[in-house]
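These notes concern the structure reproduced below.
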Amino acid sequence: MAPLEKSISISLYDFLKKKMFVASTISLVGTETFRLNPGLVKTYWDFDDGFLMTAIGLPKVLIPKQYAALDRMLQASKRWIDSAYSQLDPKESDAEWEGNFGSKFIRKMTEVLAESGVSREGQAVAMLPLIWAINSNAIPCAGWMIFEILKHPGLFQRLREEVSPFMTSESTGKTRFYIPNLVFNSPLLTSLYLETIRTCTSSSPTRRLMQDLEVDGYILKKDNHIMASSWIPAHSTIWDVPGHPANSFWPERFIEMPKMKPKDPEEKSADEIAMRPENFFPYGGGNVVCSGRFFAKQEIMTAVALLVMKFDFDFEGGWVTKDGKTSERGAKCNESLAGSGVLTRDRDMVVKMKRVR
Ligand code: HEM
674 MAPLEKSISI SLYDFLKKKM FVASTISLVG TETFRLNPGL VKTYWDFDDG FLMTAIGLPK
734 VLIPKQYAAL DRMLQASKRW IDSAYSQLDP KESDAEWEGN FGSKFIRKMT EVLAESGVSR
794 EGQAVAMLPL IWAINSNAIP CAGWMIFEIL KHPGLFQRLR EEVSPFMTSE STGKTRFYIP
854 NLVFNSPLLT SLYLETIRTC TSSSPTRRLM QDLEVDGYIL KKDNHIMASS WIPAHSTIWD
914 VPGHPANSFW PERFIEMPKM KPKDPEEKSA DEIAMRPENF FPYGGGNVVC SGRFFAKQEI
974 MTAVALLVMK FDFDFEGGWV TKDGKTSERG AKCNESLAGS GVLTRDRDMV VKMKRVR
C-alpha cells in the first residue's frame, strides 16, 4: 500500500489494471494463484489483449503471440486448480472464502464440473471466462469513470461528499463500504456509472434465428446469426438534450433526463424512449442478458468510491500513449475492438496521486 500523504506520479489506468485485477481476482479465486504464478497480472492482460482475436477463431498462424498468451493463461489456471485440490484444508471445504480456491462459488463449481466428468484441465479452462468476466469489462469501465471524474472540475469533491457517509474507517486503518447503501443511495455515482456504460460500451448480443424473420421488408433466414450493436442506439440523437448532445459526456444525464417532461403530455419523454431495452442494452437482453450485471455494477461503483475516498489526485492535463510517449490529446475508445464490451482506451492519464486515508 502507498504510504500516507506521499505523492506519486503514475499512469492512472495502468495502476488500476494492476490493483483492481489483483483485488477482484483474489476475491474470486483466492491468493494462491498469485503465489504460484508470479507474473499473473501481466499474463492476464496479455491474454486479454488478444482475447477478441482468439475468441473469433483467427488461425494460430496469423496471431501466434495472442495464442501463446492464451496458453500461458491456461497453464496458470491449471497450476492453480491442481494446487487448490491438493492444498485445500478439509476443515475449510465449506468456508465462504479461503486462499486456495477462493470463493465458495468457485469450489462448488469445480465440484459440479468434476461430478459431470470434466477433467482437471477442462475445469481450468472453464475458470477463464469467469476470471475474464469479472475483470475485462469492469476494470476499463472503472478506468473511464475515474478519467471523467478528474476531467470535470468539481465532480471529484461532489462525489466524495456523496459517498463518504457509506464508508467506515476502522482502528486497524482498514476502510470498509457498506456496498448496498453505496449502490442504492448515490445518485451522482450511479448516473456517472450509467453515462460511462452508455458512452464506452460496444456490446454485440448475437442470436441464431430459430425461424425465418421479416425485418423492414427483408427476410432473415432461419439458422443464420444476427448481431445487434449496442453502440449505435447509445450514441444516436435520442440522447440529445439541449446543451448535452449524445456524443458528449454528461455526468448528470441519468439524474436530469428522467426529470424532463415531453412537450406533448401524450408523447413519451426523451428518457422513456432512450431507456427502452432496444435502445439501451449494454448488458444484452432477453433470457441470456448478462447475469453478472449487478455484480459488475457493485464492483465498479465500489472501486471508484474507494479511489475517491482514499486518494487525492492532481491532473495537470498529461496524457501518454501505450508506449509511454507524451500525447497532445486525451483518451478515445479503441473502436477497433467494437462489439467486445466496454472498450479500452488509446491513451492513459498521468496524475499525481496521494493516499489520504
Ligand atoms: C461492465 C461490465 C459488463 C458488461 C458490459 C457485460 C456485458 C455482457 C453482454 C453484452 C452479454 C451478452 C448478453 C446477451 O447476449 O444478451 C453478457 C453475458 C454474460 N455476462 Fe456480462 N458483462 C459485464 C460484466 C460481467 C460480470 C462482472 C460477470 C460475472 C460476474 C458477467 C457474466 C456474464 C455471463 C455469465 C454471461 C452469459 C449469460 C448467459 O449466456 O446466460 N458479466 N455480458
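In the working numbering, each number is its position in the sequence shown, counted from 1, plus 673.
Note that beta-carbon positions come from the ideal geometry of N, C-alpha and C, so glycine has one too.
These figures come from a predicted structure and were not determined experimentally.
Have a look at the DSSP bridge pairing and note the partners of Tyr891.
-> Answer by DSSP bridge pairing, in chain order: Val888.
Can you say whether Glu769 is buried or exposed, counting buried as having 16 or more other CB atoms within 10 angstroms of its CB?
-> exposed
Locate the alpha helix (DSSP H) running through Met800, then write down its first and last residues.
-> 793 to 809
Cys873 CB to nearest heavy atom of ligand 1 below 7 Å | no
Taking Asp944 as the reference, which of Gly959, Lys934, Met782 has the closest Cα?
-> Lys934
Complete runs of the alpha helix (DSSP H) confined to the stretch 900 to 946 [at least 4 residues] = You should have 904 to 907, 926 to 929.
Where does Gly723 land, buried or exposed, given buried means 16+ other C-beta within 10 angstroms?
-> By the Cβ neighbour-count rule, Gly723 is buried, with 16 or more other Cβ atoms within 10 Å of its own.
Thinking just about the alpha-carbon of each residue, which of Met982, Ser766, Ser1009 is nearest to the one in Ser842?
-> Looking at the Cα atoms, Met982 is the closest of the given residues.
Asp762, DSSP secondary structure in three states | coil
Anyone know if the C-beta pair for Phe778 and Leu743 falls short of 8 Å?
-> no
Under the rule that 16 or more other beta-carbon atoms within 10 Å means buried, what is Thr994, buried or exposed?
-> Within a 10 Å sphere around the beta-carbon of Thr994 sit fewer than 16 other beta-carbons, which makes this residue exposed.
Please classify Glu972: is it buried, with 16 or more other beta-carbons within 10 angstroms of its beta-carbon, or exposed?
-> Buried.
Top-ranked residue by Cα proximity to Phe986, from Val785, Met1026, Ser1009 = Met1026
With a threshold of 7 Å, establish whether the CB of Gly1012 neighbours any heavy atom of ligand 1.
-> Incorrect: Gly1012 has no Cβ contact closer than 7 Å to ligand 1.
Of the residues Thr869, Phe774, Lys751, which one's Cα is nearest the Cα of Asp762?
-> Looking only at Thr869, Phe774, Lys751, the smallest Cα-Cα distance to Asp762 is reached by Phe774.
When you compare only the Cα positions, how much space is there between Ile683 and Val1024?
-> Ile683 and Val1024: Cα-Cα distance of roughly 6 Å.
Within 10 angstroms of its Cβ, does Pro955 collect 16 or more other Cβ (buried), or is it exposed?
-> The residue in question, Pro955, is buried, as its Cβ has 16 or more Cβ neighbours within 10 Å.
Would the beta-carbon of Ile819 fall within 8 Å of that of Leu828?
-> no
To which residues of the same chain is Gln1031 closer than 6 Å at the C-beta, ignoring the five residues directly before and after it?
-> Only positions 674 to 1030 of the chain appear in the structure, and residue 1031 is not among them; the question remains open.
Near Asn1007, what residues of its chain come up, given a Cβ to Cβ distance below 8 Å and the 5 sequence neighbours on each side ignored?
-> Leu1016, Thr1017, Arg1018, Asp1019
Say yes only if the C-beta of Tyr758 is nearer than 7 Å to one or more non-hydrogen atoms of ligand 1, and no if none qualify.
-> Outside the cutoff, so no.
Mark Leu886 as exposed unless 16 or more other C-beta atoms lie within 10 angstroms of its C-beta, in which case mark it buried.
-> exposed
Would you kindly check if the distance between the Cβ of Ser876 and the Cβ of Gly1014 is under 8 Å?
-> Against a cut-off of 8 Å, the Cβ pair of Ser876 and Gly1014 comes out as a contact.
Cβ-based neighbour list, Ala811, same chain, cut-off 6 Å, excluding 5 preceding and 5 following = Ala969, Glu972, Ile973
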